[in-house]
Structure formats: structure tokens, C-alpha cells
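Colleague: Can you keep this structure in mind? I'll have questions shortly.
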Amino acid sequence: MEMIMSDASTASKEAAPSPETPSPAKARLRKACLAFIAGTHESRRPGALHFLWWAFLISLWWCTAASLPFWNMSLSPLSGSLPDMLRFGLATLGCLVFAHMFLILLYSELLPLPAAGAATAILGIIAAVAFAFSYRYNAAMTPEMIQNALETDKREARDLMTPQLLVCFLAILLPQIPLFFRMIKARMRLRIRARMALLGICCAFLSAASLFTDFSGIAIYMREHHDARYFIAPSDAAASAVRALTTDAQSGTVERVPLDKSPLLASSRKQGRPVVIVTVVGETARAKNWGLSGYTRDTTPELKARNVINFTDVTSCGTSTAESVPCIFSAQPRSGYDKKKARAMEQLPSLISRAGVKSIWIDNQAGSKDAAAGIEEKPLAQILPGKVSSAVCPGGVCPDGALARAVKAQLDAAKGPTAIYLHMMGSHGPAYADRYPPSFQHWGPVCRQSDLRQCQLSELRNAYDNTIYYTDSVLASVIDALKERSDLDTALVYFSDHGESLGDDGFFLHGAPYAIAPEVQKKVPMIIWFSEGFQKRAGVDLKCVLRKAASPASHDNIYHTLLDLNGVSSSTYDPSLDLMRGCEKSSGS
Ligand SMILES: [Zn+2]
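1316 is the number of the first residue of the sequence shown in the working numbering; add one for each residue after it.
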């Protein structure tokens, strides 16, 4: 870093007056080209790296080794034709290397040199982190993924940190270190550097032009799969981090705009037995492994015994918790969903609460992602009585099985219309085997490694299926708690926030950019259950709901269905998205 400082100060000192002797443009261009190619012509010491060489080498390292998952993704569709692969590969590499060089040159000019050196070091570390996660987990560095990472609790983070991840991180970081020490030892004049940068931009444009004129097919592919860019380290990871941090910073300060100034609770809900609607936000359950939806293994025997209505084809709004949960509870449909707008607007639980429904969000995960803003939100470990909590939730970590106990306490307190939201730990990876008590290990042997690539796919599937088997039991226990209360009219809705990849498609975990995410990350289970009292009271035509359950549905339906089930009318309600619409014999109850 010292070397950068000395160089910078000399560079800027010389750049300012620069009484350069006028020389023909050709000669100057030749000199600039030579400077670029030879690199060390102005070096003070033999063997010193020219600044441009250095910027080139570090950009090349980032755009090749650190972006390996990007190449893997973008070159695989061309694997049939070597010439196409070479032409696309070289043109894209040219664009990327020069774009990164340009970035380095730009901030080296704009920032004081210690800051420029620090920026390069930080980018180098980001490249290593992004590579490690992309390579090990196929995790794209989208703003949502970074936000998820920032909101991840210690338990989840510990599960992800494996020796193999560290090896990947060091493999990218270490080769950069000698480069840092051999940085700028040559003196560069500002004007020459600026011209070099111009040259870089020209090269980038030429590469881009050749890319999009010669390869219309691949150009269409890249436009359709532009999310592949999230695998380019470090620039896109850094940009995503900035976006995640700025959106996150805004969310705390922006006052939420009410969805509807005067949501109304149906008058019938204010009389008679209290109605309690339980909404369970599941985690990482995928429809493919859901027994009720036809999976070869019976992972949901308890729910089957409870006559729940199972929706067989439900598409999620996102592929991560941070993306899906706010989307589910926002009034916006997935198409045209604007995250910024959603963050500025009130979410459904708050709207229902304002209509006069007593509401609580009980969280057994890393928080509600602001979905519960405006209502009471409590971690499960805190809501259980002290003694129970310390016995059942060692270290504040509760099994989902404790949710039924928390629900029972809420039912005891229910004197009027009540909405209970439960946020499960569910099947959150990669430590699937830690998500269920040992007695729920129905399939084995199971994968016990956090580094999923070390496991047999069958062991991974066994561990994952056990998590679903446990979720089935948890949901059944909540339904049983509701059934016990014949003095209340109750209903339960369960859906998972997104699916999961178990290595069967080359992906692991979730959070892949939506456009390229495999179906298993987007297809989720969803069920609805009604107590007899609720069925009679609302006049639910079960056959009608069953018919709807066989048709495609999505997270878009949840907002409007929950408004209906909770008996709240609002100007934001869209009957065409309400899954109960037309299935209630009497209305307004
Ligand atoms: Zn999730």
C-alpha cells in the first residue's frame, strides 16, 4: 500500500502543471501503446509492475478465476461449438477485463491513493467471498442474497462456514497478495492514464459490438439470463452489496404508506365465537418432496390424516426468504413487483390488524423481514414461559415443535378476532439434519456435513425429507391445538416461502436468480385447513376449494385469500386472486 501512496502523490503532482512538449498525435499514441504493452518503461526499479499491467493482471484474475461460476453458466449453452465458445468467451472476457480495469483506473484517479489501495483490497476480498459462495453453493450474489446474508443469524452462518469454503476463499485471495506488494512502481501521468482508460473503453465497446453483432443467439441468451452477471466477481457482488445496504438503510427510515386508510372488519366477525386465523410461513419446503403432492415418499402422513386441502401447483414469488416474504404480504403481484415500493408500503398483517383483528407474529427464524411491521412480533424463545423456553430452546434455539405450545397460549388469550402468524425454521439448509429431533429421522443415512457437495445425493435427500416429515408433524400439532378449541372458529393456512435445490440439478440450497432458478426452488407446498365451526360459519364449500386446489396458484393469491379468511374488506382486495372466492355459501362472515 505504501507504494501506491508514493506513486499517487508523484502522479498527481506531475499531472497538474504538465507542460508537455507538443508531439504529433501519432507519436503520442505510439508512446501510450508502448507504455501499455511494455508496462515498465517508466519504472524506477527493474522488475517493477507498471500500474496498467498491475490493473490488467488483477482484473484478469477477477474476471477469470474468481468468476469461474459465471463462465460455467454462460458457456455451457455453447458447449456444442468450440469456435462459438472461443469467440463468445474472448469477446466477453475482453469486455469484463477492460470494464474492471476502467473501474480501477477511475477510482485510482478520483480517490486519494490510500483509499484507492483500500478499495482494491476490499474488492479483492469481495471477489474471494463471492467466488467461495458461488462455487460451493451456486449462490448468485444478488442484492437479495446479500441482504439474506446480512440478516442471517449466527446459527445459519455457522452452518455455512466449512473448511472447503475457506479453501475456495483463500484460493482466490492469496494469489492477489503478491500483486498488492508489486503495485505501482512506475510513474504515470494523469493524461496518459486517462488515454489508457479511453483505450480500455474503446476495447470494451469493440468487444461488446462483436459480441452482439456476431452472436445474436447468445446475445438473446444473455439478455434472457442477464442474472448470470451476479456470478461475476467482484463488481456485481459489490454493486449488490451497495444496493442491499442502501435499500436496507432506507427501510428503517421510510414511513410506510397505509395500503388502505379504512380497512373494514365484517360486522359478523365482531359477534359470536372468536375467529382465529393462523398463517404459517414455512421455510425452504419444496413441492417436489411434499407427500400430499404425490412425492414417492410419504413425507406428510399426519396432514393426510387431518383432511387438509392441499394445493398441488403453487409458484413462489422469489427464491429466498428476503425476496419472498415481503412479496407475499405486499398488495403487489409478482409481475411488476417493486421491492422498493413494497418496502415503502404497509404490509398485510398491519392492515388486518388496523381493521380490528388482534395480531401477533411469532418468529422461529431470522425475523419477519419487515412483514410484521406495525404488529407485535416476538421470537418463539421469548414468547414461551421462561422455564419452558430454557428447557425446550437451549441457547434460544427452539425446534418448530414448540410453535404449537405458543399457539395454545395465544388461543387462551383470544377474546375476539385474532390473527396469528408463525414463521418456521422448517427445512433451512444446509444443516438439514439439525432441523428435526432425532426421533424424526425416518429416512437414513443422512448427510451431516454443511458442505453439501461432500454428501451423497441420496443422503442429502434423506436428511431433507426428514425435515419435511417433521414439518408435517409440527403443522399437525398446530391443527390439533386449534381442533381442541371448539369454542373458537379457526382456520390455518400454510405455505413455504421458496423451494430448495438438493444437488439434483447441479444447484444447492436456494436463492438462484429467479429467471434461471430451477423449478424446485420456485414450486412450494401450500395447504388450508378449516375447523368445523369455521366451515359452518363461513359456509365453506369444501368441494369448491378442493377444485381450486388442483389448479395452478401462486404467492400472489395469499394476500387476497388472507383478507377474505380474516373477514377484512379493503380497497386493495382483488377477488380474482382470492382462492376462497365463490367457495363460500354465505358472504360477509
Ligand atoms: Zn426462506
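Even glycine gets a Cβ: it sits at the ideal position worked out from N, Cα and C.
Is PRO1459 near ligand 1, going by C-beta to nearest heavy atom under 7 Å?
Modeller: Position 144 of the sequence shown, counted from the first residue, corresponds to residue 1459. Before going on, a small fix: residue 1459 reads as Glu here, not Pro. Outside the cutoff, so no.
Colleague: Return yes when the Cβ of SER1885 is within less than 8 Å of the Cβ of LEU1878, no when it is not.
Modeller: Here residue 1878 is taken as the residue at index 563 of the sequence shown, counted from 1. Here residue 1885 is taken as the residue at index 570 of the sequence shown, counted from 1. Going by C-beta atoms, LEU1878 is nearer than 8 Å to SER1885.
Colleague: Do the region 1790 to 1808 and the region 1594 to 1605 meet, that is, are 3 or more Cβ pairs less than 8 Å apart?
Modeller: In short, these stretches touch, since the Cβ pair count reaches three.
Colleague: With a CB to CB cut of under 7 Å and the five nearest residues on each side skipped, what residues in its chain are close to ASP1802?
Modeller: Numbered from 1 along the sequence shown, position 487 holds the residue referred to as residue 1802. So the list reads ARG1588, once near-sequence residues are dropped.
Colleague: Just to be sure I understand the criterion: a residue counts if its Cβ is closer than 5 Å to at least one heavy atom of ligand 1. Which residues meet that?
Modeller: Result: GLU1598, THR1636, ASP1812.
Colleague: Does DSSP put VAL1691 in a helix, in a strand, or in coil?
Modeller: As a first step, residue 1691 must be located in the sequence shown, where it is residue number 376. According to the sequence as given, residue 1691 is Glu; it is not Val. If DSSP states are grouped into helix, strand and coil, GLU1691 belongs with the strands.
Colleague: Between which two residues does the alpha helix (DSSP H) harbouring LYS1858 extend?
Modeller: As a working mapping, residue 1858 is identified with position 543 in the sequence shown. Note, LYS1858: alpha helix (DSSP H), 1857 to 1864.
Colleague: How many angstroms separate the CA atom of VAL1761 from the CA atom of CYS1770?
Modeller: In the sequence shown, counting from the first residue as 1, residue 1761 sits at position 446. In the sequence shown, counting from the first residue as 1, residue 1770 sits at position 455. Approximately 9 Å, taken between the alpha carbons.
Colleague: Pull up the distance between the alpha-carbon of VAL1839 and that of LYS1603, whole angstroms please.
Modeller: Here residue 1839 corresponds to residue number 524 of the sequence shown, with the count starting at 1. Here residue 1603 corresponds to residue number 288 of the sequence shown, with the count starting at 1. Each residue's alpha carbon lies about 8 Å from the other.
Colleague: Among the residues of its own chain, which have a CB less than 7 Å from the CB of MET1416, if the five just before and after it don't count?
Modeller: Residue mapping note: residue 1416 aligns to position 101 of the sequence shown, counting from 1. Taken in chain order, the residues that qualify are ALA1370, PHE1371, SER1374, GLY1515.
Colleague: Among the residues of its own chain, which have a CB less than 7 Å from the CB of ARG1538, if the five just before and after it don't count?
Modeller: Here residue 1538 corresponds to residue number 223 of the sequence shown, with the count starting at 1. For ARG1538, the pLDDT reaches just 49, beneath the cut-off of 50, and the residue's location in the model is therefore unreliable, leaving the point undetermined.
Colleague: How many Å lie between ALA1717 and VAL1572 at the Cα?
Modeller: Numbered from its first residue, the sequence shown carries residue 1717 at position 402. Numbered from its first residue, the sequence shown carries residue 1572 at position 257. Their Cα atoms are separated by approximately 35 Å.
Colleague: Is ASP1474 helix, strand or coil when you go by DSSP?
Modeller: Start at 1 with the first residue of the sequence shown, and residue 1474 comes out as number 159. DSSP places ASP1474 in helix when its eight states are reduced to three.
Colleague: Any contact of the region 1605 to 1615 with the region 1851 to 1864, i.e. 3+ C-beta pairs under 8 Å?
Modeller: Touching, no.
Colleague: Check whether the Cβ atoms of PRO1278 and ASP1678 sit closer than 8 Å, and answer yes or no.
Modeller: Outside the shown range of the chain, which is 1316 to 1904, sits residue 1278, and nothing can be said about it.
Colleague: Taking Cβ positions, are MET1460 and SER1650 nearer each other than 8 Å?
Modeller: Position 145 of the sequence shown, counted from the first residue, corresponds to residue 1460. Position 335 of the sequence shown, counted from the first residue, corresponds to residue 1650. No, they are not a contact pair.
Colleague: Ignoring anything shorter than 3 residues or poking outside the region 1618 to 1692, list the beta strand (DSSP E) runs there in chain order.
Modeller: Segments of the beta strand (DSSP E) lying fully in the region 1618 to 1692: 1624 to 1630, 1673 to 1678.
Colleague: Which residues share a DSSP beta bridge with TRP1844?
Modeller: Residue numbering aside, residue 1844 sits at position 529 when the sequence shown is read from its first letter. The partner list for TRP1844 (beta bridge, DSSP) reads LEU1807.
Colleague: Name the DSSP bridge partner or partners of CYS1594?
Modeller: As a position in the sequence shown, residue 1594 is number 279, starting the count at 1. The amino acid occupying residue 1594 in the given sequence is Thr; Cys does not appear at that position. For THR1594, which the question treats as bridged, DSSP gives the partners TYR1736, VAL1808.
Colleague: Could you name the residues of the same chain whose beta carbon sits closer than 6 Å to that of LYS1328, not counting the 5 residues immediately before and after it, in chain order?
Modeller: Taking the sequence shown and counting its residues from 1, the one referred to as residue 1328 is at position 13. Any reading at LYS1328 must be qualified, since the residue scores a pLDDT of 39, below 50, and its modelled position is unreliable; no value is offered.
Colleague: Have a look at ASP1766 and SER1608 and give me their C-alpha separation to the nearest angstrom.
Modeller: Walking along the sequence shown from the start, residue 1766 turns up at place 451. Walking along the sequence shown from the start, residue 1608 turns up at place 293. Their Cα atoms are separated by approximately 29 Å.
Colleague: Can you tell me where the alpha helix (DSSP H) holding ARG1776 begins and where it ends?
Modeller: Along the sequence shown, one-based indexing puts residue 1776 at 461. From DSSP, the alpha helix (DSSP H) with ARG1776 extends over 1772 to 1798.
Colleague: If we count the other Cβ atoms within 10 Å of its Cβ and call it buried at 16 or more, is ASN1625 buried or exposed?
Modeller: By 1-based counting over the sequence shown, the position of residue 1625 is 310. ASN1625 is buried by the Cβ-count criterion.
Colleague: Count the CB pairs spanning the region 1476 to 1487 and the region 1441 to 1452 that are closer than 8 Å, and state whether there are at least three.
Modeller: With a cut-off of 8 Å, the region 1441 to 1452 and the region 1476 to 1487 count as touching, because enough Cβ pairs lie within range.
Colleague: Can you name the start and end residues of the alpha helix (DSSP H) that PHE1371 belongs to?
Modeller: Locating residue 1371 in the sequence shown gives position 56, where the first residue counts as 1. Run containing PHE1371: 1366 to 1378, per the alpha helix (DSSP H) assignment.
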